[in-house]
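Student:
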Amino acid sequence: MITKLNKDTFRIARAARTLSWAAALGGLGAAGSLFAQTAPSGGADADQAAVALERMQVVSTATRTERLISEVPIRTEVVTNEGMHMRAAFNFSQAMDLFNGIRVESTCQNCNTSEVLMQGLGGAYNQILFDGAPLMSALGGVYGLEQIPTAFVDRIEVVKGGSSALYGAGAVSGVINLIPIQPLRNGGFLQVGVDVQKSEPVWLADGRLDRVFAEGKGGLSFVFQSSQNDPIDFNGDGYSEITEKELGVVGVQGWFSPTTRTRLRGNYQYTWEERRGGNRFDQPEYLSNIAESLQTKYHRGGLTWEQDVTQDFDFSVGYSFAYIERDSFYGGLGDVITDPTDPNYDPDELDPTIAGSAASDSYGQYGYTKDPLHYIDSQFNYRLEKHALAFGVQYKWEK
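Residue numbers for the sequence shown, in mature numbering (1 follows the signal peptide of the UniProt record, and there is no 0): -36 to -1, 1 to 363.
#1: Whole angstroms are fine: how far does the CA of Ile140 sit from the CA of Val43?
#2: Look up Leu62 in the DSSP assignment and say whether it is helix, strand or coil.
#3: Give the straight-line distance between the Cα atoms of Asp354 and Tyr234, rounded to the nearest whole angstrom.
#4: From Gln73 to Asp291, what does the alpha carbon distance come to, in whole angstroms?
#5: Less than 6 Å between C-beta atoms, sequence neighbours within five positions excluded: which residues of the same chain meet that for Val281?
#6: If you measure between the beta carbons of Gln155 and Ile196, is that distance less than 8 Å?
#7: Taking C-alpha atoms, which residue in Lys124, Gly241, Trp236, Ala59 lies nearest to Gly215?
#8: Looking at the ligand MG, does it come within less than 7 Å of Glu69, judged from the CB to the closest heavy atom?
#9: Just verifying my parser: in three-state terms, what is the DSSP assignment at Ala323?
#10: Around the Cβ of Gly125, are there at least 16 other Cβ atoms within 10 angstroms (buried) or fewer (exposed)?
#11: I think Leu62 touches Ala53, with their Cβ atoms under 8 Å apart; what is that distance to the nearest whole Å?
#12: Quick check: residue 372 and Arg119, are their CB atoms within less than 8 Å of each other?
#13: Nearest to Gly171 by CA position, among Thr260, Gly200, Asn55, is which residue?
#14: In the structure shown, what three-state DSSP assignment does Met50 receive?
#15: Taking a contact to mean a Cβ-Cβ separation below 8 Å, would you say Gln111 touches Tyr339 in this structure?
#16: Using a Cβ-Cβ cut-off of 7 Å (strictly less than) and excluding sequence neighbours within five positions of Val15, which residues of its own chain qualify?
#17: From what residue to what residue does the beta strand (DSSP E) around Met100 run?
#18: So, for Lys209: in the same chain, excluding its five sequence neighbours on each side, which residues have a beta-carbon less than 6 Å away from its beta-carbon?
#19: Could you tell me which uninterrupted beta strand (DSSP E) segments, each at least 3 residues in length, are contained entirely in the segment 107 to 186, listed from first to last along the chain?
#20: Let's see if you can read the secondary structure: which residues bound the beta strand (DSSP E) around Ile301?
#21: Please classify Ile92: does DSSP put it in a helix, a strand, or coil?
#22: Looking at Ser326: is its Cβ nearer than 8 Å to the Cβ of Gly296?
#23: Is Gly6 helix, strand or coil by DSSP?
#24: Just the Cα atoms here: how many angstroms apart are Ser57 and Phe177?
#25: Mind checking whether Gly241 and Leu267 have CB atoms under 8 Å apart?
#26: Thinking C-beta only, is Pro147 closer than 8 Å to Ser185?
#27: With which residues is Phe56 paired in a DSSP beta bridge?
#28: Closest to Val136 by CA distance: which of Val80, Gly104, Val117 is it?
#29: In terms of alpha-carbon separation, which member of Ser191, Asp174, Thr71, Ile145 lies closest to Trp167?
#30: Would you identify the three-state DSSP class for Asp312, choosing helix, strand or coil?
#31: Give the range of the beta strand (DSSP E) segment to which Ser252 is assigned.
#32: Can you tell me whether Val80 is helix, strand or coil according to DSSP?
#33: Could you check the C-alpha separation between residue 364 and Asn76 for me, to the nearest Å?
#34: Tell me which residues share the same chain as His49 and place their Cβ nearer than 8 Å to its Cβ, disregarding the 5 neighbours each side in the sequence.
#35: Closer than 6 Å by C-beta to Thr260: which residues in its own chain qualify, once you throw out the five before and the five after it? Chain order, please.
#36: Return the chain-ordered list of same chain residues with a C-beta closer than 8 Å to the C-beta of Asp315, the five sequence neighbours on each side being excluded.
Okay, here's the thing in structure tokens:
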């Protein structure tokens, strides 16, 4: 059956990736002893085996059906979880740097919004998916690229070029699909890192704990991520180029196969973030000349039921949701002088209780936004040797 082949090839692909990283790290004794059992003797044979096994990796984005990467009719680029961790990519934004022809570009100095550029087109022309579902909502897409920990992701699949027939009108320049981890053994990891920019540290940490139960018929993964940094002013003009930020993410992913033909998968992720850019960080936002400040609570999750009816016919039905609450501030005092030593300084302009003062107007620039998103997806697949017919229904509601 196709399902059994997919599970077996998943394990083989993992062994191949482990083998390739072991070759790259050849000087480490621990790596050598750990991977010696899976590596054939002889350097050339080992390389050939790694290439052969890598071709058996299963991908699903190009055709919305699971196929070996060597048999997919559309070029699919893949970065695995191991590859992301070896390059110290803690979040989705950093992981995109591992793909050729794709970059993440910051579009705002004060709030550091970012978008993925693919094929020379901006973020509005590509589709970002979570396990095939477009859960990057209109509000979540503005700041959400840094809020997706790679600890959640088994691999990222990228298909460049128009895919609107499969994924909607947003998939003009391509599709980026984040495939969640399905744990096959007990284990986990913890990693901590620091980036130093302009003598300011950016602290990063994430981890995952995997548990497999019910005689290998199910599993759970618990994931967390944390990052924190102070504002960074690169050119000394008193305004930040890198926002002050504090981020926390927790989540759980699970799967269960009550029979060999039935698979249930679920996931939930909660993100909490505070960020602020601008100037006068020792004052409230409304007393800054300019400030952009955000407090975000982001819930995201879903359930999927996959069923093999016969060897040639299967279907999947899924429900996913995303819900964001965001308190924000955009604005400030403008050109009002805030230095008490300046001869033109007017303290009344900084008093919010005085009607018509700059502080009074600025105080009214706080806001609140919420964005619920619901997505239902169903797909039915019929196979005839190397050909496949796929059809289904999708429904998306967002306010």
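A virtual CB, placed ideally from N, CA and C, is assigned to each residue, including glycine. What you are looking at is a predicted structure, and each value in this text was computed from that prediction instead of being measured.
Tutor: Let's see:
#1: Counted from its first residue, the sequence shown places residue 43 at position 79. Counted from its first residue, the sequence shown places residue 140 at position 176. Val43 and Ile140: Cα-Cα distance of roughly 11 Å.
#2: On the sequence shown, residue 62 is found 98 positions in, with the first residue counted as 1. Secondary structure at Leu62: helix, using DSSP grouped into helix, strand and coil.
#3: Taking the first residue of the sequence shown as 1, we reach residue 354 at position 390. Taking the first residue of the sequence shown as 1, we reach residue 234 at position 270. For the record, residue 354 in the displayed sequence is Ala; it is not Asp. For Ala354 and Tyr234, the distance between alpha carbons rounds to 33 Å.
#4: Counting from 1 along the sequence shown, the entry for residue 73 is found at position 109. Counting from 1 along the sequence shown, the entry for residue 291 is found at position 327. Computed Cα separation, rounded: 19 Å.
#5: Within the sequence shown, the letter at position 317 stands for residue 281. Around Val281: Trp269, Ser342.
#6: Against the sequence shown, residue 155 aligns to sequence position 191. Against the sequence shown, residue 196 aligns to sequence position 232. Not in contact: Gln155 and Ile196 (Cβ atoms no closer than 8 Å).
#7: Within the sequence shown, the letter at position 251 stands for residue 215. Out of Lys124, Gly241, Trp236, Ala59, Trp236 has the C-alpha closest to the C-alpha of Gly215.
#8: Among the ligands in the structure shown, none appear at all, so the ligand MG cannot be discussed.
#9: For the purposes of this step, residue 323 is identified with residue 359 of the sequence shown, where counting begins at 1. Of the three classes helix, strand and coil, the one that applies to Ala323 here is helix, per DSSP.
#10: Translated into the one-based positions of the sequence shown, residue 125 becomes position 161. Exposed, because fewer than 16 other Cβ atoms sit within 10 Å of the Cβ of Gly125.
#11: Translated into the one-based positions of the sequence shown, residue 62 becomes position 98. Translated into the one-based positions of the sequence shown, residue 53 becomes position 89. At roughly 7 Å, the Cβ-Cβ gap stays under 8 Å, so Leu62 and Ala53 are in contact.
#12: Lying before the first or after the last residue shown, residue 372 is absent from the chain, which here runs from -36 to 363.
#13: Against the sequence shown, residue 171 aligns to sequence position 207. Closest by alpha carbon: Asn55.
#14: Counting from 1 along the sequence shown, the entry for residue 50 is found at position 86. Helix, per DSSP.
#15: Translated into positions along the sequence shown, residue 111 becomes position 147. Translated into positions along the sequence shown, residue 339 becomes position 375. Their beta carbons are not under 8 Å apart, which means Gln111 does not touch Tyr339 by this criterion.
#16: Residue 15 sits at position 51 when you count from the first residue of the sequence shown. Residue placement at Val15 cannot be trusted, given a pLDDT of 45 that sits under 50; what the coordinates show is reported in the next sentence. Answer for Val15: no residue qualifies.
#17: Here residue 100 is taken as the residue at index 136 of the sequence shown, counted from 1. If you look at Met100, you'll find it isn't in any beta strand (DSSP E); DSSP assigns it neither H nor E.
#18: Along the sequence shown, one-based indexing puts residue 209 at 245. Cβ neighbours of Lys209 beyond the five flanking positions: Asn193, Arg239.
#19: 117 to 124, 138 to 144, 151 to 161, 164 to 177
#20: Taking the first residue of the sequence shown as 1, we reach residue 301 at position 337. Following the DSSP letters along the chain, one finds Ile301 in no beta strand (DSSP E), marked with neither H nor E.
#21: Looking up residue 92 in the sequence shown gives position 128. Here Ile92 sits in strand by DSSP.
#22: Numbered from its first residue, the sequence shown carries residue 326 at position 362. Numbered from its first residue, the sequence shown carries residue 296 at position 332. The Cβ atoms of Ser326 and Gly296 lie closer than 8 Å to each other.
#23: Within the sequence shown, numbered from 1, the residue matching residue 6 stands at position 42. Unreliable positioning characterises Gly6 in this predicted model, as indicated by a pLDDT of 46, which lies under 50. The coordinate reading is nonetheless provided below. Reduced to three states, the DSSP call for Gly6 is coil.
#24: In the sequence shown, the residue the question calls residue 57 occupies position 93. In the sequence shown, the residue the question calls residue 177 occupies position 213. Rounded to whole angstroms, Ser57 to Phe177 spans 33 Å at the Cα level.
#25: Position 277 of the sequence shown holds residue 241. Position 303 of the sequence shown holds residue 267. No, these two residues do not count as a Cβ contact at 8 Å.
#26: By one-based count along the sequence shown, residue 185 stands at place 221. By one-based count along the sequence shown, residue 147 stands at place 183. Cβ atoms of Ser185 and Pro147: closer than 8 Å.
#27: For the purposes of this step, residue 56 is taken as residue 92 along the sequence shown, with counting starting at 1. Answer is none; Phe56 lacks a bridge partner.
#28: As a working mapping, residue 136 is identified with position 172 in the sequence shown. Considering only alpha carbons, the answer is Val80.
#29: On the sequence shown, residue 167 is found 203 positions in, with the first residue counted as 1. Minimum Cα distance to Trp167 is reached at Ser191.
#30: Sequence index remark: in the sequence shown, residue 312 carries index 348 (1-based). Asp312: helix per DSSP, three-state reduction.
#31: The residue you call residue 252 lines up with position 288 of the sequence shown. No beta strand (DSSP E) holds Ser252; DSSP gives it neither H nor E.
#32: In the sequence shown, residue 80 corresponds to position 116, counting from 1. In the structure shown, Val80 sits in a strand (DSSP, three-state: E or B).
#33: Because the chain spans -36 through 363 in this model, residue 364 falls outside it and cannot be assessed.
#34: Taking the first residue of the sequence shown as 1, we reach residue 49 at position 85. Result list for His49: Thr114, Phe153, Gln155, in chain order.
#35: Numbered from 1 along the sequence shown, position 296 holds the residue referred to as residue 260. Excluding residues within five positions, the ones whose Cβ falls inside 6 Å are Glu237, Arg290.
#36: Along the sequence shown, one-based indexing puts residue 315 at 351. Excluding residues within five positions, the ones whose Cβ falls inside 8 Å are Ser321, Ala323, Ser324.
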